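Residue numbers (this note's numbering), protein chains in the order written: chain A, 26 to 219; chain B, 357 to 750.
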């Protein structure tokens, strides 16, 4: 086995891929490749013959890597989801962080650990960013819907903005729903009625 | 009493219906459980969520627990199938280019004859290279049906056929890029391919095997053996959901439930096709009626027969060079007819006396020995009329 571990990062998003590569490069001296185009993924991975493959758990193309575990030819190196029976904490930590790792069978856990530690830290950061982004996006969308619902009420019932909002809030409380949900229902209904 | 919450993973497919119905129609609540249904991005991720305890149970491809028992894929943690959630429900489709060639060799797209369709496919396929087929996962009934069908017709892998894993959302792109000639997927992906004009449907999976166990209710074996009471509640809730799904009229409501954003988030109209067995097979809107396109209850559908697991193990072993008898013995243990039986004994469910049967031998509705004496099996033939005799006859 060559001294340098070769690692493939499967990641369609270029910026994310660069961030992963950077943090792996800080963690050690590795031979790093990025695959961003998933067409023929299993074939590309086989051609590069890596020791470790890292892929986002949320990436559906991960299933394409599963067929590598079936490889049986003399030149193929079986790749398995990394698991060390004596300590599955590493795999568990990876799954919690949202990264899956395929590792060549027989590779010593201590050689993989720094790779995984760096990947896990990076993916935790991605998860936080993803959650923040989604929360912000949802809040923004909800704000828009509430504004439209307020507008509809102001027009239909001749209310001021504060009164319209108070009406929405009361309806939400009476129905045990969120203001955004009541607003969405109102906007949808108004759309149907024309 | 507060219901006990069970985390259950699923892949957004029509055949997740028993889990969705169990939760939404109150069958889970009747058993004092709440299903926290968690949508997973891929089969490998769902399997790992199960293995590492993120979920207690999962909607799973029937060959996955068997493959794990054979040491293929995953971490090797033992998984158990305690119920069959659905039988059949897959569809084989071809690229637009291959559909044209099929018509050129005179194929009628009758959608019911696996031999005729397969022979036409062999005549129409590119002659200078293997036929390239996509399946959602290496350990899937999709892959097993394709290998069985095409090798029986004289197109063996790997010389004549290459079967690769392509996640269903990427199948259309792979066909457009010329990476795939055809595919086998679960609904709604066949119908979505037709809707997007990316291909045409050639054959329902059940034309190859009329009673193929498709998805199972899977759990970690150590968990299943430790939590017998919870397993019982979940199995009963799913069994009753399956029985409800078999009632006429239930399927419209099921399509509505599945279409919700938290489940499949797709138009009802697309989901109804497979549930009602009226498939639209091409962009011109030609339809084909497929009674029993997907089954949840009839013919003892939920029973995890050891012989089904053995058939799967046998197929996997043949392909991967494992010892077939040893694989069949190990694989049969992944389908837990004993736990299924324990969960349903003393309920209204009638259960077969045996746990293993000759697969493919039932050609008409047949009464079998059962606890209450009114259980029938429905046809389970393979298209080539072969039968599979399990070694573990009881």
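In this text, a Cβ means the ideal position worked out from N, Cα and C, and glycines have one as well. Computed from a prediction, not measured in an experiment: that's the story for all the values here.
query: If you compare alpha carbons, which of B:708, B:734, B:743, B:732 is closest to residue 726 of chain B?; result: B:708
query: Please state whether the Cβ-Cβ distance between residue 196 of chain A and residue 212 of chain A is less than 9 angstroms.; result: no
query: Less than 9 angstroms between the C-beta atoms of residue 146 of chain A and residue 122 of chain A, yes or no?; result: yes
query: Going by DSSP, what residue range makes up the beta strand (DSSP E) through residue 127 of chain A?; result: 124-129
query: Closest by CA to residue 370 of chain B, which one among B:705, B:733, B:625?; result: B:625
query: Scan the segment 77-91 of chain A for residues whose Cβ lies nearer than 8 angstroms to a Cβ of chain B and list them as they occur along the chain.; result: 82, 83, 84, 85, 86, 87, 88, 89, 90, 91
query: Using a Cβ-Cβ cutoff of 7 angstroms, what residues of the segment 388-406 of chain B are near chain A? List them in chain order.; result: 397, 398, 399, 400, 401, 404
query: Residue 522 of chain B touches chain A at which residues, Cβ-Cβ below 8 angstroms?; result: 89
query: Give the straight-line distance between the Cα atoms of residue 89 of chain A and residue 66 of chain A, rounded to the nearest whole angstrom.; result: 7 angstroms
query: Return the first residue and the last residue of the alpha helix (DSSP H) that residue 175 of chain A is part of.; result: 134-182
query: Comparing C-alpha positions only, which one of B:689, B:635, B:637 sits nearest to residue 660 of chain B?; result: B:689
query: With a threshold of 9 angstroms between beta carbons, is residue 429 of chain B in contact with chain A?; result: yes
query: Is it right to say residue 85 of chain A is buried, meaning 16 or more other beta carbons lie within 10 angstroms of its own, or is it exposed?; result: buried
query: Do you know how far the Cα of residue 718 of chain B is from the Cα of residue 711 of chain B?; result: 16 angstroms
query: Should residue 354 of chain B be labelled buried (16 or more other beta-carbon atoms within 10 Å of its own) or exposed?; result: The structure shown does not extend to residue 354 of chain B, since chain B spans only 357 to 750, so no value can be given for it.
query: Could you give the residue range of the beta strand (DSSP E) that holds residue 207 of chain A?; result: Premise fails: residue 207 of chain A lies in the alpha helix (DSSP H), 204-218, not in any beta strand (DSSP E).
query: Report back the beta-carbon spacing between residue 378 of chain B and residue 656 of chain B to the nearest angstrom; my notes put them in contact at under 8 angstroms.; result: No, residue 378 of chain B and residue 656 of chain B are not in contact; Cβ-Cβ is about 19 angstroms, not under 8 angstroms.
query: Let me know if residue 713 of chain B comes out buried or exposed under the rule of 16 or more other beta-carbons within 10 Å of its beta-carbon.; result: buried
query: Could you tell me which residues DSSP pairs with residue 63 of chain A in its beta bridges?; result: Answer is none; residue 63 of chain A lacks a bridge partner.
query: Going along the chain, which residues of its own chain have a beta-carbon closer than 7 angstroms to the beta-carbon of residue 368 of chain B, five neighbours each way excluded?; result: 395, 619, 620
query: Closest by CA to residue 585 of chain B, which one among B:388, B:382, B:552, B:665?; result: B:388
query: Check whether the Cβ atoms of residue 451 of chain B and residue 555 of chain B lie closer than 9 angstroms to each other.; result: yes
query: Going by DSSP, what residues sit across from residue 644 of chain B in a beta bridge?; result: B:635
query: When burial is assigned at 16 or more other CB atoms within 10 Å of the CB, is residue 137 of chain A buried or exposed?; result: buried
query: Is residue 598 of chain B helix, strand or coil by DSSP?; result: helix
query: Taking residue 486 of chain B as the reference, which of B:465, B:474, B:512, B:476 has the closest Cα?; result: B:512
query: With a threshold of 9 angstroms between beta-carbons, can residue 61 of chain A be considered close to chain B, or not?; result: no
query: Using the Cα positions of residue 110 of chain A and residue 72 of chain A, report the straight-line distance between them to the nearest angstrom.; result: Interpretation of residue 110 of chain A is limited by its pLDDT of 45, a score under 50 that renders its predicted location unreliable; the figure taken from the coordinates is listed afterwards. Whole-angstrom Cα-Cα distance: 29 angstroms.
query: So, residue 540 of chain B versus residue 489 of chain B, is the Cβ gap smaller than 9 angstroms?; result: yes
query: Against chain A, which members of the segment 471-498 of chain B pass a CB distance test of less than 8 angstroms?; result: 492, 493, 494, 495
query: Compare the C-beta of residue 153 of chain A with all C-beta atoms of chain B and state if any pair is closer than 9 angstroms.; result: no
query: In chain order, which alpha helix (DSSP H) runs of at least 4 residues are fully inside the segment 400-446 of chain B?; result: 419-425
query: Between residue 676 of chain B and chain A, is the shortest Cβ-Cβ distance under 9 angstroms, so that the two count as touching?; result: yes
query: Leaving out five residues on either side along the sequence, give the residues of the same chain with a beta carbon under 7 angstroms from the beta carbon of residue 728 of chain B.; result: 706
query: Could one say the Cβ of residue 410 of chain B lies closer than 9 angstroms to chain A's Cβ atoms, at least one of them?; result: yes
query: Could you name the residues of the segment 535-558 of chain B whose beta carbon sits closer than 8 angstroms to any beta carbon of chain A, in the order they occur along the chain?; result: 535
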